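So the structure is just underneath, and the comments pick up after that.
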DNA sequence: AGGAAGAGTGAGAACCGTTGTCAAATCGTG
DNA sequence: CACGATTTGACAACGGTTCTCACTCTTCCT
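Protein chains in written order, with my numbering: chain U, 1 to 129; chain A, 1001 to 1129.
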């Protein structure tokens, strides 16, 4: 049995903020957003808390093209993302076909302990002329 | 018309090394490998050369989970990778099914100008106990 | 409630991959 | 060969992230 994390003002602030956001944000953006809500939380703590939330599968983390880690509250379970590259709006998608394909390809080549990353980027309807 | 790059010892050394490797390597690993071949090339130059090769589509670049950019000589054309997370050995794979799935999902959600990233990580047969 | 134990916090330093700087070396053309 | 433009490389700078450690706060026990 793992130790439950303590219920601190900082963790509450981060978790509540994540509830209110609906796109991927960097740790630094989240830190800044907390300040603008007069909920000051140290940058280290923001990083630690987001990692903890990601470990607990309460947020998803993905790496942007320029190397930042982005976080977003997401539904549980394995899924992928369709992300608008203009406004950041994100749709969660599932692809059982893809999962099966990935497993089969890996197995055919003698690979085990498979994981995969799959993200789709595009321009959403409201960001198009 | 773009200016052709000069034919320097350093560029030749990097290009030749990439020919001999068959997995994704970080810029720093490539720099170290060059030293072990007595082909000293400055680290800045390694970075610059790899970026140039990637821009020219002569190598593929992808970001590892821990944020490093990894490079590998690859065949042209759209494909994905099955990468061993221990030894870096890489198999190029194609997934017409996945391509179609991604396009359909994007279209259903009103997204256009689609691109996607898909990499599969696992442990290859020879890296398993 | 009071208090001890120890998890959590945060300011700043450290870290690490990567990019920028600029004087010196090199390429290749005239 | 000589010249000008490109390239190189030692080193500094940068940016995101992690570490450190003294101090704070939660929690649990009585």
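Note that CB positions come from ideal geometry on N, CA and C, so glycine has one too.
Owing to the predicted nature of the structure, the values given are computational and were not obtained by experimental measurement.
If contacts are defined as beta-carbon pairs under 8 Å, then residue i and residue j qualify, I think. What distance do you get, rounded to the angstrom?
i	j	result
residue 67 (chain U)	residue 1067 (chain A)	6 Å
residue 1112 (chain A)	residue 95 (chain U)	About 19 Å separates the two Cβ atoms, so there is no contact after all.
residue 120 (chain U)	residue 78 (chain U)	In fact, because the Cβ distance is near 15 Å, the residues do not count as touching under 8 Å.
residue 50 (chain U)	residue 27 (chain U)	6 Å
residue 74 (chain U)	residue 65 (chain U)	No, residue 74 (chain U) and residue 65 (chain U) are not in contact; Cβ-Cβ is about 20 Å, not under 8 Å.
residue 109 (chain U)	residue 1083 (chain A)	Not quite, the Cβ-Cβ distance comes to about 11 Å (not below 8 Å), so this is no contact.
residue 57 (chain U)	residue 76 (chain U)	6 Å
residue 1097 (chain A)	residue 97 (chain U)	6 Å
residue 70 (chain U)	residue 24 (chain U)	4 Å
residue 63 (chain U)	residue 1063 (chain A)	6 Å
Open item on the list: Please give me, in chain order, every unbroken run of the alpha helix (DSSP H) with length at least 4 that falls completely inside the segment 1049 to 1117 of chain A.
Closed with: Qualifying alpha helix (DSSP H) stretches, in chain order: 1096 to 1108.
TODO: Could you pull out every unbroken alpha helix (DSSP H) segment of at least 4 residues lying fully inside the segment 16 to 42 of chain U, listed in chain order?
DONE: 27 to 36
- [ ] Pull out every residue of the segment 1045 to 1072 of chain A whose Cβ sits closer than 7 Å to any Cβ of chain U, in chain order.
- [x] Within the segment 1045 to 1072 of chain A, the qualifying residues are 1063, 1067.
Open item on the list: Would the segment 31 to 48 of chain U count as touching the segment 5 to 22 of chain U if we require 3 or more Cβ pairs under 8 Å?
Closed with: yes
TODO: Return the residues of the segment 108 to 128 of chain U that lie within a Cβ-Cβ distance of less than 8 Å from chain A, sorted by chain order.
DONE: 109, 110, 111, 112, 113, 114, 115, 116, 117, 118, 119, 120, 121, 122, 123, 124, 125, 128
Task: Interface residues of the segment 88 to 104 of chain U facing chain A [CB-CB below 8 Å] - done: 91, 93, 95, 97, 98, 101, 102
Task: chain A contacts made by the segment 8 to 24 of chain U, where a contact means CB separation under 8 Å - done: none
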